[in-house]
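Protein chains in written order, with this note's numbering: chain A, 1 to 370; chain B, 1 to 370. Glycine included, C-beta positions come from ideal geometry on N, C-alpha and C. Just so we're clear, the structure is a prediction, and the values are computed from it rather than from any experiment.
There are 2 protein chains.
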Amino acid sequence: MATIYDVAKHAGVSPKTVSRVMNGDGPVGEKTRAAVEEAMRALGFVRSNAARMMRAQKSGIIGLITGAISTTGLNHKQQGLPDLFIVQGIQRALESSGMTVMIADTAGRQDRVAPLIDTFLSHRVEGLIYVAEYHQEVSLPQLPEDTPLVLVNCFDTKGTPAILPDDRRGQYELVRRLIAAGHRRIGYLALRADMVAGQLRPQGYREALAEGGIPYDPALFAHTNFDLPEAGPQLLWDSIDHMLRLANPPTVICCGNDQMALMVYGILRTMGRLVPDEIGVAGFDNYRVISETLYPPLTTVDLPYNAMGVRAGERLLSLIAGEDPLLSGRSPTQSPVCVAGPVLWRASVAEMRPTNILHMKPNGRKTDEV
Amino acid sequence: MATIYDVAKHAGVSPKTVSRVMNGDGPVGEKTRAAVEEAMRALGFVRSNAARMMRAQKSGIIGLITGAISTTGLNHKQQGLPDLFIVQGIQRALESSGMTVMIADTAGRQDRVAPLIDTFLSHRVEGLIYVAEYHQEVSLPQLPEDTPLVLVNCFDTKGTPAILPDDRRGQYELVRRLIAAGHRRIGYLALRADMVAGQLRPQGYREALAEGGIPYDPALFAHTNFDLPEAGPQLLWDSIDHMLRLANPPTVICCGNDQMALMVYGILRTMGRLVPDEIGVAGFDNYRVISETLYPPLTTVDLPYNAMGVRAGERLLSLIAGEDPLLSGRSPTQSPVCVAGPVLWRASVAEMRPTNILHMKPNGRKTDEV
DNA sequence: CGATATCATGACATCGGTGTCATAACTGGG
DNA sequence: CCCAGTTATGACACCGATGTCATGATATCG
Chain A
1 MATIYDVAKH AGVSPKTVSR VMNGDGPVGE KTRAAVEEAM RALGFVRSNA ARMMRAQKSG
61 IIGLITGAIS TTGLNHKQQG LPDLFIVQGI QRALESSGMT VMIADTAGRQ DRVAPLIDTF
121 LSHRVEGLIY VAEYHQEVSL PQLPEDTPLV LVNCFDTKGT PAILPDDRRG QYELVRRLIA
181 AGHRRIGYLA LRADMVAGQL RPQGYREALA EGGIPYDPAL FAHTNFDLPE AGPQLLWDSI
241 DHMLRLANPP TVICCGNDQM ALMVYGILRT MGRLVPDEIG VAGFDNYRVI SETLYPPLTT
301 VDLPYNAMGV RAGERLLSLI AGEDPLLSGR SPTQSPVCVA GPVLWRASVA EMRPTNILHM
361 KPNGRKTDEV
Chain B
1 MATIYDVAKH AGVSPKTVSR VMNGDGPVGE KTRAAVEEAM RALGFVRSNA ARMMRAQKSG
61 IIGLITGAIS TTGLNHKQQG LPDLFIVQGI QRALESSGMT VMIADTAGRQ DRVAPLIDTF
121 LSHRVEGLIY VAEYHQEVSL PQLPEDTPLV LVNCFDTKGT PAILPDDRRG QYELVRRLIA
181 AGHRRIGYLA LRADMVAGQL RPQGYREALA EGGIPYDPAL FAHTNFDLPE AGPQLLWDSI
241 DHMLRLANPP TVICCGNDQM ALMVYGILRT MGRLVPDEIG VAGFDNYRVI SETLYPPLTT
301 VDLPYNAMGV RAGERLLSLI AGEDPLLSGR SPTQSPVCVA GPVLWRASVA EMRPTNILHM
361 KPNGRKTDEV
């Protein structure tokens, strides 16, 4: 591979002049510039980043660590969902700054994180981003304090800058929309309670109910571990069956995520219930391969992974630029950034016809069956 | 960040000795080694890859370019499927060699490929891998001939080493399995004919039919552009409707991929047909979020993206090591490596009961309705 | 026309490891 | 006790780009 010395010799100038042509530093004569550019072309010259970064003490590299690529024990089916969009968003944000992203995954093993960080440090990354496969709390090894870190889809207790999905808000908006559509009996099949999303989303659900003057009915709410290898579908079936046998059954069921909604579609139809005519279904995540392909298409909440990635990239850039409130000590407790996505209203939930609405009172009981 | 000079001073030795401790080159005295290691720990030393690679003329970096991350116009719903697993496989293969993967995506724009390659070359990558979002032909700009390249999920006309899914074989095995289960009327809803998978998979289907002595019936075969934004579901509905109205309708329908199968589930159930009791459905890809979550779970063919990634990584390593048949001119036409995945038999297709099978003759016509 | 400002260019040191070669400190056989 | 043969260590150059400073060539102005 050609070096600037080769180029310089070919063009009959000094290496420094070649450098000037590349970087537009000092002034360069018109003919000289042309000669150098010609020489670069002739030799197929590409500048060595290693040498450059050694001198400049800047690598132009961002390290991205993700556990998201890999199969994790507990959530083996969730693999590969969000992070691509997050990565894409990150790249979009970093693109203009000329940074290159170096990526590595932990293969789901926490003990790989430390060595990966070392590898990245040996490349003198200017910043690190850690992407988790689902909204959770994490604890990373200590970094040298001059290496900024941004967490995405996760948070820690040390106040490290974090970009999170606004699960509570998203679910709140969706349920609000359901209520506006005339629904009063709204079931909720939640994710496992030990997942952050299994807590925050139900919280949004209850807030929206409260605001709509609808009392919370425990019979309409269940945590269901639907992705258990064998028992999952059965558990889900039982939860749904239980709700539908109520004297006052739900007119729509919210699912903890789109994947659960997919399974619910199958179960409801096997039960002989038409979606959306007899019962509505709503999801969460806007996992598009599911939400757009389901028949009928799924009403859901968009989880703005791409936007989160962009925010993470921007945040990291500002940290690198030293505009960081944390490092400069301006704001000691940096609250995480929550990004909310829009409700996507599709055909899986019916707008209640006025007559149907008349059948209901705000408290959710039928009053005048014809 | 500390350098070996800092470490050397701290330990009271020369920089070269520190280097020896790190690399285990020359002999080092016991006490000296201990002192150096202590110094490294005390200073939090991490060796600079830039300096190292400058001297060694090796970067230890592999460049990975993918269009797979991004939304492409034609297949906007297909995004984010394979590449994560491919990336994971690549990393698994490269892990032991100590290589680091640098990743960049084209955001679906072909004109971004050249600049990305330049960026990678400036980092002096030791090899490049290009991953396409779906099985297709590509044409990449010329690379310096000492930089090896491996294509994954795509191929070109220049004989560049490529790792491909064995679409034909996979479909063949699946249909063979369907026939073994007693099915004689097998419908096929193919992907668009301008996609490689829309050609090779049907080819495998027909081969299996031929081998099973079942005549190919054009009425049971259709290319259906199911992922058209609006018209998609309707097209698919019409194709299915047409097949089911035949005097001799299919007992199982093969879909071009799992996503199509997902939509077919919805349509069949809306039509009131039970899966698998009244009609079987099979997919392709083993896109697990779909195939395992569908109710009932989907019979499909595993597309071994992870294995393909591993193969690609191994191939690249051998190219870098100079064991390449191409470069050494041993084998001029390097045929692409096709990786086939297993058939995954799940509940979406019924094993025909013996009585049912008795109703059929090998040519697929009913003979003795009781 | 001479003095000074500006432009164009080059010499040289430097970044942080590592290869090469030299040298110093031992060890053991005769 | 001396010399060959190891073992342990250091001095120095080098990889390729670039910051600093110096210098030669023009341009500008009083």
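Inset, instruction - Determine the closest residue to G170(A) out of G204(A), R273(A), L236(A), with distance taken between C-alpha atoms. - result: G204(A)
Inset, instruction - Express the C-alpha separation of P15(A) and R117(B) in angstroms, rounding to a whole number. - result: Note on identity: in this sequence residue 117(B) is Ile, with Arg being the wrong assignment. Distance between the alpha carbons of I117(B) and P15(A) is about 24 angstroms.
Legend entry - G198(B) versus R52(B): straight-line alpha-carbon distance, rounded: 48 angstroms
Inset, instruction - Determine whether the Cβ of T72(A) lies closer than 8 angstroms to any Cβ atom of chain B. - result: Confidence is the limiting factor: at T72(A) the pLDDT is only 41, short of 50, which leaves the residue's position unreliable, though a coordinate-based value still follows. Chain B contact via Cβ: absent.
Inset, instruction - Starting from P165(B), trace the beta strand (DSSP E) both ways and give me its first and last residue. - result: 162 to 165
Legend entry - Closer than 8 angstroms at the beta carbon, the chain A residues around P144(B): M1, G44
Inset, instruction - Go to L316(B), then tell me how far its alpha helix (DSSP H) extends in each direction, as first and last residue. - result: 305 to 320
Inset, instruction - Classify L228(A) as buried or exposed, calling it buried when 16 or more other Cβ atoms lie within 10 Å of its own Cβ. - result: exposed
Inset, instruction - Compute the minimum distance between the beta carbon of D156(A) and the heavy atoms of the ligand GTP, and state whether it is under 7 angstroms. - result: Ligands displayed in this structure: none; no statement on the ligand GTP is therefore possible.
Legend entry - Simplified DSSP state of F221(A), which is helix, strand or coil: strand
Inset, instruction - Count the other CB atoms, across all protein chains shown, that sit within 10 Å of the CB of R109(A); report buried if there are 16 or more and exposed otherwise. - result: exposed
Inset, instruction - Determine, using beta carbons only, whether A197(B) comes closer than 8 angstroms to chain A. - result: no
Legend entry - Same chain, Cβ closer than 6 angstroms to L164(A), five either side skipped, listed in chain order: P336, C338
Inset, instruction - Determine whether the Cβ of L84(B) lies closer than 8 angstroms to any Cβ atom of chain A. - result: yes
Legend entry - Assigned exposure category for S96(B) - 16 Cβ within 10 Å defines buried: exposed
Legend entry - Buried/exposed call for D194(B), threshold 16 Cβ in 10 Å: exposed
Legend entry - Limits of the alpha helix (DSSP H) - the one that F120(A) falls within: 113 to 122
Legend entry - Straight-line Cα distance separating A190(B) from E278(B): 21 angstroms
Legend entry - Proximal residues, the segment 137 to 166 of chain B versus chain A, C-beta separation under 7 angstroms: P144
Legend entry - Candidates R33(B), R176(B), V21(B): closest to R47(B) by CA position: V21(B)
Inset, instruction - Kindly provide the ranges of any alpha helix (DSSP H) runs that are 4 or more residues long and lie completely inside the segment 14 to 50 of chain B, ordered along the chain. - result: 15 to 23, 30 to 43
Legend entry - M102(B) and M40(A) closer than 8 angstroms at C-beta: no
Legend entry - Any C-beta of chain B under 8 angstroms from that of Y295(A): yes
Inset, instruction - For M271(A), count neighbouring Cβ atoms within 10 angstroms of its own Cβ and tell me buried if that reaches 16, exposed if not. - result: exposed
Inset, instruction - Let me know the secondary structure DSSP gives I62(B) once reduced to three states. - result: strand
Inset, instruction - Determine the burial state of G26(A): buried for a count of at least 16 other Cβ atoms within 10 Å of its Cβ, exposed for fewer. - result: exposed
Inset, instruction - Kindly list, in the order they appear in chain A, the residues whose Cβ is closer than 7 angstroms to that of D118(B). - result: V46
Inset, instruction - Given a cut-off of 8 angstroms, decide if A2(A) and M54(B) are closer than it, judged by their beta-carbon atoms. - result: no
Legend entry - chain A residues whose Cβ lies nearer than 7 angstroms to that of R269(B): R269
Inset, instruction - Check the Cβ-Cβ distances between Q233(B) and every residue of chain A, and say whether any is below 8 angstroms. - result: Checking the displayed sequence, the identity of residue 233(B) turns out to be Pro instead of Gln. Chain A, which has a Cβ nearer than 8 angstroms to the Cβ of P233(B), makes this yes.
Inset, instruction - Could you give the DSSP three-state label for H76(A): helix, strand or coil? - result: Since pLDDT at H76(A) reaches only 42, below the 50 mark, its modelled position is unreliable, and no value is offered.
Inset, instruction - Just the chain B side, please: which residues come within less than 9 angstroms of A93(A) by C-beta, in chain order? - result: In chain order: nothing, as chain B lies at least about 12 angstroms away.
Inset, instruction - Give the straight-line distance between the Cα atoms of P215(A) and T106(B), rounded to the nearest whole angstrom. - result: 50 angstroms
Inset, instruction - Report the rounded CA-to-CA distance for A56(B) versus R124(B), giving the unit in angstroms. - result: 12 angstroms
Inset, instruction - Note the first and the last residue of the continuous beta strand (DSSP E) segment covering E137(B). - result: 127 to 137
Legend entry - Partner residues on chain B for S59(A), Cβ-Cβ distance less than 8 angstroms: A50
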